[in-house]
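Below is one structure, written out as structure tokens, with a few remarks after it.
Residue numbers (this note's numbering): 410 to 634.
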């Protein structure tokens, strides 16, 4: 669990620094920073998406996962969690839920999250999570400076999600094959593209409802090798 604890800590520290910097920003400065984050998020997402060798698996996973997510209304549940935390901490931030949901998705849908957590759980090797921690620390600083205090509480999702993956490491060892990881990375990349489009104000895609695609693509990639 050391990797997850370090990752959680870097998100907290990065967010606190970002909040301190963001307090000095004008609304125009926050807007341009958000736009820059949107562009960077698109770049990261597209680079991940091009990892796919079986694009039909990714398409099918997104379609099936999207239907499941809509039926379960996952996006609303994630937003409700953000609203609940906002009420508990008595935050007045207008962007609390946006920051919480956006940061939680960005920090948790990438391949480093899954592979790093599994490596930590199976072999006690947290090197991937340590590298991810550095990236997330800088990302949380940037996100918090423009999206506010909600980003800080995404550390809770990082801790729970990565912690569970680490504890289940031995049971999920089958995920660590290039074929599955490539398709999983591509699917996660397209979800990140959706986040980037939203940050740029182009289109709000309910990325939370697409999260089941990450499970579906693993199943399909395991079947159709």
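The C-beta atom is built at its ideal place from N, Cα and C for all residues, glycine as well. What you are looking at is a predicted structure, and each value in this text was computed from that prediction instead of being measured.
query	result
To which residues of the same chain is residue 458 closer than 6 angstroms at the C-beta, ignoring the five residues directly before and after it?	595, 598, 599
Can you name the start and end residues of the alpha helix (DSSP H) that residue 511 belongs to?	505–517
With a cut-off of 8 angstroms on the beta carbons, I'd call residue 355 and residue 556 a contact; round off their distance for me.	Only positions 410 to 634 of the chain appear in the structure, and residue 355 is not among them; the question remains open.
Less than 6 angstroms between C-beta atoms, sequence neighbours within five positions excluded: which residues of the same chain meet that for residue 494?	562
If we call anything under 8 angstroms between Cβ atoms a contact, is residue 512 one with residue 431?	no
Can you find the residues in the same chain that come closer than 7 angstroms, C-beta to C-beta, to residue 626, ignoring five residues on each side of it along the sequence?	466, 467, 470, 592, 593, 596
What whole-angstrom Cβ distance do residue 542 and residue 419 have, given they're in contact under 8 angstroms?	4 angstroms
Assuming residue 601 and residue 515 make a contact with CB atoms under 8 angstroms, what is their CB distance in whole Å?	7 angstroms
Does DSSP put residue 571 in a helix, in a strand, or in coil?	helix
Have a look at residue 498 and residue 631 and give me their C-alpha separation to the nearest angstrom.	43 angstroms
Leaving aside the five residues before and after residue 411 along the sequence, list all residues of the same chain whose C-beta is less than 6 angstroms from its C-beta, in chain order.	535
For the alpha helix (DSSP H) containing residue 591, list its first residue and its last residue.	587–608
Given a cut-off of 8 angstroms on the beta-carbon distance, is the pair residue 574 and residue 537 in contact?	no
Out of curiosity, what's the CA-to-CA distance linking residue 612 and residue 428?	26 angstroms
At 4 residues or longer, and completely inside the stretch 440–489: list those alpha helix (DSSP H) runs for me, N to C.	464–481
Take residue 526 and list the residues in its own chain whose beta-carbon comes closer than 6 angstroms to its own, dropping the five residues that flank it on each side.	571, 574, 575
State the start and end residues of the unbroken alpha helix (DSSP H) segment that holds residue 549.	536–556
Are there 16 or more other CB atoms within 10 angstroms of the CB of residue 586, so buried, or fewer, so exposed?	exposed
Quick one: residues in its chain with C-beta nearer than 7 angstroms to the C-beta of residue 614, no 5 flanking neighbours on either side, listed in chain order?	603, 606, 607
Beta carbon of residue 566, beta carbon of residue 517: below 8 angstroms?	yes
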